[in-house]
Amino acid sequence: MFRWNWKRAAMSTSRKSSAIWKGKATTLQSCNANTPAVQARELFSKGCALLKTGDPSAALNYFLRIQDLAAPNPAVFLYAGSALHDLRRYDEAVSAYRSALQLDSNMGEAHNNLGNSLMALGRFAEATESFETAARLLPSSPVPLTTLATAQQATGKIIEAEMSCREALALNPDFAEAHWNLALNLLLQGRYSEGWQEYEWRWLKTGFTSPRLHTDIPQWDGTPLHGRTILLHAEQGFGDAIQFVRYAPLVSQQGGTVILECHPQLVSLFQVIDGVELVIPFGAAPSGADYQAPLLSLPRIYNTTLDNIPARIPYLYVPPEYRRKWSSLMSGYRDTRRIGLVWAGKSYPDPLRSCRLSDFAPIGDVDNVIFFSLQIGEESEQGAFPPDKMRLIDLTVNINDFSDTAALIDQLDLIISIDTATAHLAAALGKPTWLLLPFAPDWRWLLRRNDSPWYPTMRIFRQEQQDSGWTKVIETVAAALEDRSL
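So this is what it looks like as structure tokens:
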């Protein structure tokens with residue numbers, strides 16, 4: 001646990017050391033390098049440099065060493081909090097930021113960063129208050145208005161979030177983070193025409209999850225290909241690739257050769273997509289492509305709206321050799337209803353989308369059902385302890401890539417999943433898919449509807465209130481299962 005040892009630190013700061021912290025004193029080279037104040041400043045500079053280059057653990061160690069040399073300083077707490085946040089030690093980051101604010105309550109950046117850590121902890125009301133304070137203290141900065149929008153959207157204040165983004169852009173029209181948040185907001189509202197345009201700002205956003213690939217090749221603008229070669233490349237996560245690879249057959253209809261670059265785990269699955277000449281893993285793209293396009297830029301290129309989403313399913317298919325493998329593995333489970341379950345995704349960046357296997361207890365005693373785990377990763381260990389009366393089979397040891405997952409899904413009657421790539425995969429295969437969503441959903445699931453225009457076989461079950469948990473959602477699922485003949 002991060003704590004500043006106040007007793008070890010001097011309780012007052014000399015005029016000279018205070019000036020050095022603020023960067024207003026004589027340069028360090030002209031100071032006595034043996035004075036504690038200068039040593040502290042050097043440690044602070046090294047810590048900041050390490051934080052900037054992506055080593056928060058080492059940076060934190062430098063910030064902690066300062067306590068032996070100087071009185072508590074808000075700047076040290078501010079940057080220590082940033083290091084702790086980057087390490088996902090959010091409770092400790094909150095403590096560090098609050099310590100900074102005890103020393104300087106008008107430190108706008110500390111209020112804003114405190115809000116970010118509170119957001120990560122799901123403490124949205126407190127985060128909103130912090131962002132609002134930061135916005136008052138930093139009236140010329142677009143940053144706190146942009147982060148305020150994230151809190152507003154998380155609490156269902158969709159219009160207010162849009163307004164905050166637009167206010168941020170009025171201060172700085174080129175602020176990519178505000179454009180990104182506005183894109184997510186507009187897409188969530190179903191306002192696709194403007195939303196896709198704003199979504200193109202993702203490449204300029206600090207810390208965007210995917211690198212911008214193949215910038216040396218002209219980006220396709222939707223014109224006919226006339227025999228030329230186009231390189232389509234996936235971005236972001238598996239679910240994004242699965243959802244938007246639906247555009248590849250449309251691109252092939254433009255009269256060119258389509259090469260698709262994607263995550264290695266998706267290569268064999270995407271090899272059977274109509275109209276795709278070659279599927280290769282990231283980093284193996286051949287030279288000579290005439291055009292390129294990221295998959296998530298294709299909705300903009302095709303002017304996609306809610307009324308013209310390419311929603312023909314299935315658009316993914318199980319490769320024959322995988323179908324044979326899983327038909328054999330599932331041969332002993334033919335005479336009962338078979339339902340696949342996914343209960344958890346990655347805890348970062350969105351822990352609220354996941355539940356626990358124990359939350360599915362209400363569906364455990366539905367008659368004539370065998371459940372199959374589709375859960376991958378650490379949370380799959382919960383499968384060893386299913387709820388009472390639930391018969392849960394785990395064959396995931398046989399899964400090596402998404403073609404295996406697709407083949408297992410193909411053997412099932414229904415998939416029940418939280419928001420994961422597996423839900424996208426099941427729906428893209430045309431399998432009945434029941435999706436469980438938190439109160440603040442990802443943009444692609446829109447608002448207040450129990451279906452998806454992207455996936456005709458999907459049914460959505462939503463949390464109706466903030467912090468309402470999964471109990472009511474899964475009770476509704478249980479009732480639907482009792483009524484349904486699969």
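Residue numbers (the numbering used here): 1 to 486.
Glycine included, every Cβ here is placed at the ideal spot set by N, Cα and C.
Values in this document were obtained by computation on a predicted structure and should not be read as measured data.
{"Check": "Terminal residues of the continuous beta strand (DSSP E) containing residue 338?", "Outcome": "337-342"}
{"Check": "Please identify the residue among 88, 290, 242, 284 whose C-alpha is closest to the C-alpha of residue 311.", "Outcome": "242"}
{"Check": "For residue 262, write down the residues that DSSP places opposite it in a beta bridge.", "Outcome": "281"}
{"Check": "How would you call residue 297, buried or exposed, if buried means at least 16 neighbouring beta carbons within 10 angstroms?", "Outcome": "buried"}
{"Check": "Quick one, which of 67, 112, 108, 118 has its alpha-carbon nearest residue 90's?", "Outcome": "118"}
{"Check": "Can you name, in chain order, every residue of its own chain whose Cβ lies under 7 Å from the Cβ of residue 197, other than the five neighbours on each side?", "Outcome": "300"}
{"Check": "Count the other CB atoms within 10 Å of the CB of residue 173; is the residue buried (16 or more) or exposed (fewer)?", "Outcome": "exposed"}
{"Check": "On the DSSP bridge assignment, give the partners of residue 434 in chain order.", "Outcome": "416, 459"}
{"Check": "Rounded to the nearest angstrom, how far is the Cβ of residue 78 from that of residue 108, given a contact under 8 Å?", "Outcome": "Contact doesn't hold; Cβ gap of about 11 Å is too wide."}
{"Check": "Hey, residue 181 and residue 206 are a contact pair by Cβ (cut 8 Å); roughly how many whole angstroms apart?", "Outcome": "At roughly 12 Å, the Cβ-Cβ gap does not stay under 8 Å, so residue 181 and residue 206 are not in contact."}
{"Check": "Going by alpha carbons, who is nearest to residue 307 out of 254, 191, 216?", "Outcome": "191"}
{"Check": "Which residues in the same chain as residue 252 place their Cβ atom closer than 6 Å to its Cβ, once the five residues preceding and following it in sequence are excluded?", "Outcome": "258, 275"}
{"Check": "Which residues in the same chain have their Cβ closer than 6 Å to the Cβ of residue 280, if we skip the five residues on either side of it in sequence?", "Outcome": "261"}
{"Check": "Using C-beta distances below 6 Å, list every residue in its chain close to residue 133, excluding the 5 sequence neighbours before and after it, in chain order.", "Outcome": "111"}
{"Check": "For residue 269 versus residue 340, is the C-beta distance shorter than 8 Å?", "Outcome": "no"}
{"Check": "Taking the alpha carbon of residue 436 as the reference point, which residue from 367, 416, 115, 39 has its own alpha carbon closest?", "Outcome": "416"}
{"Check": "Can you tell me where the beta strand (DSSP E) with residue 232 in it begins and where it stops?", "Outcome": "229-233"}
{"Check": "Can you tell me where the alpha helix (DSSP H) with residue 79 in it begins and where it stops?", "Outcome": "74-86"}
{"Check": "Decide if residue 338 is buried, meaning its Cβ has at least 16 other Cβ atoms within 10 Å, or exposed.", "Outcome": "buried"}
{"Check": "Assuming residue 40 and residue 60 are in contact, meaning their beta carbons sit under 8 Å apart, how far apart are those beta carbons, in whole angstroms?", "Outcome": "Not confirmed; about 15 Å, so no contact."}
{"Check": "Out of 71, 48, 440, which one is the CA nearest neighbour of residue 37?", "Outcome": "71"}
{"Check": "Using DSSP's beta-bridge definition, name the partner residues of residue 219.", "Outcome": "292"}
{"Check": "Once DSSP output is grouped into helix, strand and coil, what is the label at residue 367?", "Outcome": "coil"}
{"Check": "Nearest CA to the CA of residue 246: which residue from 293, 228, 236, 315?", "Outcome": "315"}
{"Check": "Would you kindly check if the distance between the Cβ of residue 333 and the Cβ of residue 487 is under 8 Å?", "Outcome": "What is shown of the chain runs 1 to 486, which leaves residue 487 out entirely."}
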